[in-house]
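In my numbering, the protein residues as written are 964 to 1188.
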Ligand code: 4GX
């Protein structure tokens, strides 16, 4: 998958793309991330990407010209990507959305700043608008990184076979919800013991315990009034 990102802070992506699963995915040539500085498509001495809003009011608005020019430049090479705008007004990003996007050959993510984009960007570029949740960030970069991270781990070959099988059950709405508790060595740590059932070697009972824990957690943490 190829992912292009338009941002005024390209350096923010360096760390995220250079570590962990994203690094592995890039090394395996399963992921090609290209981060572009929106200011490369400005033409004034100040390299302005924002301007004052018509009608007055506080804050600044992202100018349409650099965004349109950047999109045209990045899309010169086929295939055309699915365009995505990260913003609080978008549909809420879920695991299901991630699964859908993971099937795309190419994504183009646009990270905004300030009060938002000039409305002509929305109208003219017909982007899918996605929000990572109902809270306010200072820019679309962290939402873009969250989306990239979530989508890339779903790409075939990025995770091991075991992990991708587990993913299928998680993505299934009828399947168990939240993860059950995990334990590793030591068997006792600061007075807290590993539940006996996990040491029993009885795999049917371990499976039942984990299913029950998962059900309880989901009930308690996700279905509370
Ligand atoms: N999930 N923000 C974007 C500026 C902005 C506003 C409107 C485009 C249109 C956010 C979120 C989020 C803050 C990123 C406002 N850009 N993005 N930014 N929650 O809060 O995605």
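Beta carbons are placed, not taken as given, at the ideal position from N, Cα and C, and that holds for glycine.
Residue from the options whose Cα sits closest to the Cα of residue i
i: residue 1123; options: 970, 976 and 987; result: 987
i: residue 1015; options: 1081, 967 and 1046; result: 1081
i: residue 1027; options: 1110, 1094 and 1084; result: 1084
i: residue 1057; options: 1106, 1120, 1071 and 1021; result: 1106
i: residue 1117; options: 1150, 1102, 1042 and 1061; result: 1061
i: residue 1034; options: 1002, 1150, 1099 and 1093; result: 1002
i: residue 1141; options: 1055, 968 and 1175; result: 1175
i: residue 1182; options: 1121, 1143, 1025 and 1127; result: 1143
i: residue 1051; options: 968, 1171, 1098 and 975; result: 1098
i: residue 1044; options: 1072, 1059, 1022 and 1032; result: 1072
i: residue 985; options: 1108, 1093, 1053 and 1070; result: 1108
Residue i vs residue j beta-carbon contact at 9 Å
i: residue 1112; j: residue 998; result: no
i: residue 930; j: residue 1049; result: The displayed coordinates of the chain run from 964 to 1188. Any statement about residue 930 would go beyond what the structure contains.
i: residue 993; j: residue 966; result: no
i: residue 1103; j: residue 1076; result: yes
i: residue 1046; j: residue 1091; result: yes
i: residue 1068; j: residue 964; result: yes
Cutoff 8 Å; reference residue i; Cβ partners in own chain excluding five residues on either side
i: residue 1146; result: 1157, 1158 and 1161
i: residue 1169; result: 1160, 1161 and 1163
i: residue 1173; result: 1143
Residue i at chain D interface by Cβ criterion, 9 Å
i: residue 1168; result: The chain labelled as chain D is not found in the depicted structure, where only one protein chain is given.
C-alpha distance - residue i paired with residue j, whole-angstrom precision
i: residue 1078; j: residue 1010; result: 19 Å
i: residue 1177; j: residue 1086; result: 44 Å
i: residue 1066; j: residue 1153; result: 46 Å
i: residue 1179; j: residue 1171; result: 12 Å
i: residue 1024; j: residue 1013; result: 5 Å
i: residue 1120; j: residue 1184; result: 32 Å
i: residue 1063; j: residue 1055; result: 13 Å
i: residue 1000; j: residue 973; result: 6 Å
i: residue 1126; j: residue 1100; result: 31 Å
i: residue 982; j: residue 1005; result: 31 Å
Residues near residue i in its chain [Cβ-Cβ closer than 6 Å; skip 5 each side]
i: residue 970; result: 1074 and 1104
i: residue 1114; result: 1061, 1064 and 1065
i: residue 944; result: The first residue shown for the chain is 964 and the last is 1188, placing residue 944 beyond what the model contains.
Bridge-paired residues (DSSP) for residue i
i: residue 1093; result: 1054
i: residue 1080; result: 1025
i: residue 970; result: 1000
### Query
Got a list of residues with beta-carbon closer than 6 Å to any non-hydrogen atom of ligand 3, in chain order?
Ligands present in the displayed structure are limited to ligand 1, and ligand 3 is not among them.
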